[in-house]
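**Student:**
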Amino acid sequence: MQNKTKYKVNHKRKRLSHWRLYLMLLPPVIYLIIFKYWPIYGLQIAFREYTPVLGFSGSPWVGLKHFKNFFSSYQFVRLLSNTLILGTISLIASIPCPIILALSINAAKQRKLAKAVQLITYAPYFISTVILVSLVTQLLAVRGGMFNVVRGWMGMDAVNLLSDPGAFRPIYILSGIWQGTGYGAIIYLASLAGVSPDLYEAAKLDGATIMQRIRYIDLPSIMPVVVILAIMNCGSIINVGFEKVLLLQNQMNMSTSDVISTYVYRIGIGSSQFSYSTAIGLFNSIVSVILLLLVNWFSKKATETSLF
Amino acid sequence: MNKRIRRISAILMITVMVMSGLSGCGKTSETSVNKNTGDKKNGEEATASTLNELGTFPLSNEKQTFSIMIPQLGTEDVTKCYVNDAYEKKTNVSIKWIVVPADSWNQKVSIVMASGDLPDVICGMDTYNVTPTNELLYANQGLIIPLNDVIEKNSTNFKNLMKDDPQIKKLISQNDGSIYSLPGISVCYHCNYSQKMYINSTWLKNLGLDMPTTIDEYYNVLKAFKEKDANGNGDPNDEIPLIANAGGWHTQLDGFLMNAFTYCDADTHMAVEDGKLIYTATTDKYREGVKFLNKLFNEGLLSPESFTNNQETNAKINVSNGEYAMFGSYPTAYQIYSGDTDIWKQYDILPPLKGADGVATTPNYELTRDVIRGNMVITSAAKDPDLIMRWIDYFYSDEGTMFRTGREGIEWRKAEKGELGFDGEQADYASLQTPKDDPYYGNIDFSQSVPLMYSKKYREGAVAAADFRDNSITNGTEIQLFRGTKAYEAVARSVEDSIPTLNVKSEEASDYSRLQTEIKDYQDEALVKFITGSLDINSDKDWESYKTDLDNMGLKQYLDISNEAYQNYLSR
């Protein structure tokens, strides 16, 4: 009996002794509920003809009308394929660069130089999208843009890449790589730092070259992180960087640059079609979830690494 | 362990729920307070006799106050502007301004209306595009109040305005005759014929050319601009004969120029024909016009930067060569390519060009311009609508308009005898430039969001110098616009054949605006493709597929809804 009560008291005290942890948990939980779960309530306007005056639940119910409109829209095929192509290519293109950078920084003997390189490649990440795009437009400007000035030196005519539908994807993806590589390398560097030095020493004793060490020690040790990151990014394929696309967009390159999110912006904000754009947004999220689950399932089968 | 976590998360959830419940309670009690004051209003009306006699200042001997929500347009600060301070002294009413950034204005209005947490007055509702349909919805919810009686009891100037021009009442009332919003009145002569083209007359002079009057002459002028050293800086290759910019007021390429081929309003691509609305961007004549634009592009007369550069970029390019302008001509509603320089003085407004059939034409926007519908509403939260009506009524008078122009001797002066106005009659006043060290420099008036009245008399009564290029005047561009517009007015469509703001039925409103955006986007894009050659305007196949695409997008449904609304307008 005595023992039991004693145990109970301990139990309670133990629970209370963690109160700081629970307190720390509180803000994110509140945040999630208010900003992530509560808005789900508003999703119903995708099935209604929403008018702000009538409110979420008061607006008339129209079922799948907005989805039908979107699927039968002239724009639908182009929007979806533009979105998927842009998202997929930039996802694939953005994977190898940070890995290569991280491996070379990790293998570099000149620690100071490696640190400097890391810092310099990391810096572009902090440039805001608006500034980045104006840098790009300045660089590619027909009049006095660096790109065309150099072409002029080489005796070539100036070209307006910004208005060329074929150039939109390379511009978008290359500027993305320039901006994101340094940042992306950090997580790989962190996992490379966790590799036991014993492995390297053993490899060195066995006479492994630096390339062999990278091939057999470094790469396998960061592979799980690579896969996990790739899977997580698949969820965002369809949410291609909206701001950057919108800022780089003009009437001339619409055929490749018009993606779902810019269309939602034009229709939803531009002409106040809240319900229609919510329906498209919901479709967007569903496709994202499906993609994520598919890739996750595939990766589980193929590499035995997965999110869940 | 698991159980414990579950229990704790349950406690957390409950805490959160209770807290959100509490905040919910806070809101309800607030609204009920609002309701209470709303109810009290009737009782207070008896005591509203604190107001002085109608038409006298101050409005009340006791200090009064009410709140106005307003979007931040431009850089002026309504809370500190001259008119705010001076009018507060004059009326003994101080305004509690709720200034909302312009880009979140739409959301803010929606939120305020949905939550019931209302300011007394909302100004700039026209920016929110409050359609008559939406207005009625707000009214039915009891969020905004009917103003007929309020106007009747508390207005002298606005009532007179409506008496003088019955069209105003027709435009601001609902079908049953009730009025829920006050308009701004801005008689803007040049806005009515705003699909204009500017041309560099200095270049014409340099090359010894006449002002073109037909589309063929215009083509030859562009050619001369391109081939010769039109700006006289020694380099014959830096001239850009014709450039438009992406976005802006009537900067479309198929606006001004298309009218030499067929009537074209580049905003809607609709026209009235035999009392019905038709779509003009699919006709054979329109195709001829696009062929012309395509020819200009192929021959390097039309700059490819027209589709990517925005106004600011183009403005910088045009002044990048010192006194030598870069642009020969550009379509726009008003001068934009000058900055602080005098480059704009090189340009004249090109009169409408005659086509092969010898006819020139241009759209008439009179029906959608003069009355800024839905400028200001009074909400149910307002304690004293009478006071608010009296407060705003002053600005519907000529005296009130001058008051908002600024201080006599600083922002304006009385015209001297013999000084002529825009209309060639004796002028009333002349605008002056506020000194740079004045505390109110650049911050005189509330924005246009607070209803104003720019009458014809006010607009045209300002002193207009004989030469708009005169360096001593501040309103040169306006004088140029006024005079340049004469040639447009002469050939413009009649008001009877112009399109008013269409009041679409509420159940069709969302389909309508979606169709409108999609069709417009597609048409814009196809036009650019035809001009630049990625679609071939000379190929019947490309042209037919353009028309089929438009049909598939619902052009017919769009026209049907438009036509129904138009017939409703005609029968009103």
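One line per chain: the protein sequences are X and Z, in this order. Here my numbering is used: the first residue of the first sequence is 2, the next is one more, and so on. Here my numbering is used: the first residue of the second sequence is 22, the next is one more, and so on. Built from N, CA and C at the ideal position, the CB exists for glycine as well.
Can you give me the start and stop residues for the alpha helix (DSSP H) that K477 of chain Z sits inside?
**Tutor:** The sequence position of residue 477 of chain Z within the second sequence is 456, counting from 1. First-last of the alpha helix (DSSP H) with K477 of chain Z: 477-481.
**Student:** Report the CB separation of Y368 of chain Z from I220 of chain Z in whole angstroms; it is logged as a contact under 8 Å.
**Tutor:** For this step, residue 368 of chain Z is matched to residue 347 along the second sequence. For this step, residue 220 of chain Z is matched to residue 199 along the second sequence. The Cβ separation is near 7 Å, so the contact holds.
**Student:** For the candidate residues Z:I582, Z:C102, Z:Y567, whose alpha-carbon lies nearest to that of D305 of chain Z?
**Tutor:** One-based indexing of the second sequence puts residue 305 of chain Z at position 284. Among Z:I582, Z:C102, Z:Y567, the Cα nearest to that of D305 of chain Z is on Z:Y567.
**Student:** So, under 8 Å CB-CB, C598 of chain Z and T303 of chain Z are touching, yes? Tell me the CB distance rounded to an integer number of Å.
**Tutor:** Outside the displayed span of chain Z (22 to 593) sits residue 598 of chain Z, for which this structure offers no information.
**Student:** With H, G and I counted as helix, E and B as strand and the rest as coil, what does DSSP make of P61 of chain X?
**Tutor:** Against the first sequence, residue 61 of chain X aligns to sequence position 60. In the structure shown, P61 of chain X falls within a coil segment according to DSSP collapsed to helix, strand and coil.
**Student:** Near I393 of chain Z, what residues of its chain come up, given a Cβ to Cβ distance below 8 Å and the 5 sequence neighbours on each side ignored?
**Tutor:** For the purposes of this step, residue 393 of chain Z is taken as residue 372 along the second sequence, with counting starting at 1. Within the same chain, I393 of chain Z has close Cβ partners D147, P204, G205, I206, S207, Q469, P472.
**Student:** Taking the continuous alpha helix (DSSP H) assigned at R21 of chain X, which residues delimit it?
**Tutor:** Position 20 of the first sequence, counting from 1, holds the residue named residue 21 of chain X. R21 of chain X -> alpha helix (DSSP H) spans 20-32.
**Student:** From E173 of chain Z to D407 of chain Z, what does the alpha carbon distance come to, in whole angstroms?
**Tutor:** Mapped onto the second sequence, residue 173 of chain Z falls at position 152. Mapped onto the second sequence, residue 407 of chain Z falls at position 386. Each residue's alpha carbon lies about 10 Å from the other.
**Student:** For the region 312-336 of chain Z, enumerate the residues whose C-beta is nearer than 7 Å to any C-beta of chain X, in chain order.
**Tutor:** P325, E326, F328, T329
**Student:** Considering just the uninterrupted stretch of the alpha helix (DSSP H) at N227 of chain Z, what are its terminal residues?
**Tutor:** Against the second sequence, residue 227 of chain Z aligns to sequence position 206. It spans 222-228 - the alpha helix (DSSP H) in which N227 of chain Z sits, taken as one unbroken run.
**Student:** Would you list the one or two residues that DSSP bridges to L473 of chain Z?
**Tutor:** Taking the second sequence and counting its residues from 1, the one referred to as residue 473 of chain Z is at position 452. For L473 of chain Z, which the question treats as bridged, DSSP gives no partner whatsoever.
**Student:** Could you tell me the distance, in whole angstroms, from the CA atom of A160 of chain Z to the CA atom of Q544 of chain Z?
**Tutor:** Here residue 160 of chain Z refers to the residue found at position 139 of the second sequence. Here residue 544 of chain Z refers to the residue found at position 523 of the second sequence. Those two C-alpha atoms are separated by around 37 Å.
**Student:** Select from Z:K526, Z:G95, Z:V340, Z:G427 the residue whose C-alpha is nearest the C-alpha of D106 of chain Z.
**Tutor:** By one-based count along the second sequence, residue 106 of chain Z stands at place 85. The candidate whose alpha carbon is nearest that of D106 of chain Z is Z:G427.
**Student:** Which class does Q447 of chain Z belong to by DSSP, given the choice of helix, strand or coil?
**Tutor:** To locate residue 447 of chain Z, count along the second sequence from 1; it is residue 426. Reduced to three states, the DSSP call for Q447 of chain Z is strand.
**Student:** Are any of the Cβ atoms in chain Z nearer than 8 Å to that of G56 of chain X?
**Tutor:** Working through the first sequence from its first residue, we reach residue 56 of chain X at position 55. True, the Cβ-Cβ gap to chain Z drops below 8 Å.
**Student:** Against N161 of chain X, what residues of chain Z qualify as contacts under a CB-to-CB distance less than 8 Å, listed in chain order?
**Tutor:** In the first sequence, the residue the question calls residue 161 of chain X occupies position 160. Result: P325, E326, T329.
**Student:** Let's test the definition: count the other Cβ atoms within 10 Å of the Cβ of G45 of chain Z and tell me whether it reaches 16, buried, or not, exposed.
**Tutor:** Numbered from its first residue, the second sequence carries residue 45 of chain Z at position 24. Residue confidence for G45 of chain Z is low, a pLDDT of 37 falling below 50, so the modelled location carries little weight and cannot support an answer.
**Student:** Going by DSSP, what residues sit across from V87 of chain Z in a beta bridge?
**Tutor:** Numbered from 1 along the second sequence, position 66 holds the residue referred to as residue 87 of chain Z. Per the sequence presented here, residue 87 of chain Z reads as Phe, with Val not at that position. For F87 of chain Z, which the question treats as bridged, DSSP gives the partners Z:I116.
**Student:** Which residues does DSSP list as the beta-bridge partners of A292 of chain Z?
**Tutor:** Working through the second sequence from its first residue, we reach residue 292 of chain Z at position 271. Its beta-bridge partners are Z:I299.
**Student:** When we look at the beta-carbon of F467 of chain Z and count the other beta-carbons within 10 Å, is it buried (16 or more) or exposed?
**Tutor:** To locate residue 467 of chain Z, count along the second sequence from 1; it is residue 446. Buried is the call here.
**Student:** Compute the beta-carbon to beta-carbon distance between R267 of chain X and T538 of chain Z, rounded to the nearest angstrom, for a pair I have assumed lies under 8 Å.
**Tutor:** Looking up residue 267 of chain X in the first sequence gives position 266. Looking up residue 538 of chain Z in the second sequence gives position 517. Contact holds; Cβ gap of about 6 Å.
**Student:** With a threshold of 16 other CB atoms inside 10 Å of the CB of M212 of chain X, please say whether the residue is buried or exposed.
**Tutor:** Taking the first sequence and counting its residues from 1, one reaches residue 212 of chain X at position 211. Exposed.
**Student:** Taking the alpha-carbon positions, what's the T71 of chain Z to F78 of chain Z distance?
**Tutor:** Indexing the second sequence from 1 puts residue 71 of chain Z at position 50. Indexing the second sequence from 1 puts residue 78 of chain Z at position 57. Distance between the alpha carbons of T71 of chain Z and F78 of chain Z is about 13 Å.
**Student:** Taking Cβ to Cβ, would you say G167 of chain X is nearer than 8 Å to S95 of chain X?
**Tutor:** Translated into positions along the first sequence, residue 167 of chain X becomes position 166. Translated into positions along the first sequence, residue 95 of chain X becomes position 94. No, the pair does not count as a contact, with Cβ atoms beyond the cut-off.
**Student:** When you compare the CB positions of T272 of chain Z and P352 of chain Z, do they come within less than 8 Å of one another, or not?
**Tutor:** Residue mapping note: residue 272 of chain Z aligns to position 251 of the second sequence, counting from 1. Residue mapping note: residue 352 of chain Z aligns to position 331 of the second sequence, counting from 1. Contact: yes.
**Student:** Once DSSP output is grouped into helix, strand and coil, what is the label at T306 of chain X?
**Tutor:** Working through the first sequence from its first residue, we reach residue 306 of chain X at position 305. Correct three-state label for T306 of chain X: coil.
**Student:** Out of Z:L441, Z:Q128, Z:P122, Z:I552, state which residue places its alpha-carbon closest to the alpha-carbon of G321 of chain Z.
**Tutor:** The residue given as residue 321 of chain Z occupies position 300 in the second sequence. Selected option, being the one with the closest Cα: Z:I552.
**Student:** Does I558 of chain Z pass the burial test, meaning 16 or more other C-beta atoms within 10 Å, or should it be called exposed?
**Tutor:** Counted from its first residue, the second sequence places residue 558 of chain Z at position 537. Classification for I558 of chain Z: buried.
**Student:** If you count every other CB in all the chains shown that lies within 10 Å of the CB of G2 of chain Z, and 16 or more means buried, which is it?
**Tutor:** In the structure displayed, chain Z extends from 22 to 593; residue 2 of chain Z sits before or after that span and is not available.
**Student:** Could you tell me whether the region 329-344 of chain Z touches the region 309-317 of chain Z, where touching means 3 or more Cβ pairs closer than 8 Å?
**Tutor:** Contact fails between the region 329-344 of chain Z and the region 309-317 of chain Z, because fewer than three Cβ pairs, one in each stretch, are under 8 Å apart.
**Student:** Residues of chain X with CB closer than 7 Å to the CB of V549 of chain Z, please, in chain order.
**Tutor:** For the purposes of this step, residue 549 of chain Z is identified with residue 528 of the second sequence, where counting begins at 1. Simply Q252, M253.
**Student:** For the 8 Å Cβ check, are there 3 or more pairs between the region 449-456 of chain Z and the region 417-436 of chain Z?
**Tutor:** Touching, per the Cβ criterion.
**Student:** Does the distance from the C-beta atom of N285 of chain X to that of I239 of chain X stay below 8 Å?
**Tutor:** The sequence position of residue 285 of chain X within the first sequence is 284, counting from 1. The sequence position of residue 239 of chain X within the first sequence is 238, counting from 1. Against a cut-off of 8 Å, the Cβ pair of I239 of chain X and N285 of chain X comes out as a contact.
**Student:** Just the chain Z side, please: which residues come within less than 7 Å of E50 of chain X by C-beta, in chain order?
**Tutor:** Translated into positions along the first sequence, residue 50 of chain X becomes position 49. Residues of chain Z whose Cβ lies closer than 7 Å to the Cβ of E50 of chain X are, in chain order, S531.
**Student:** Indicate whether at least one CB of chain X lies closer than 8 Å to the CB of E546 of chain Z.
**Tutor:** Position 525 of the second sequence, counted from the first residue, corresponds to residue 546 of chain Z. Yes, contact with chain X.
**Student:** Quick one: complete beta strand (DSSP E) runs, 3+ long, within the region 403-445 of chain Z?
**Tutor:** Fully enclosed beta strand (DSSP E) runs of 3 or longer: 433-435.
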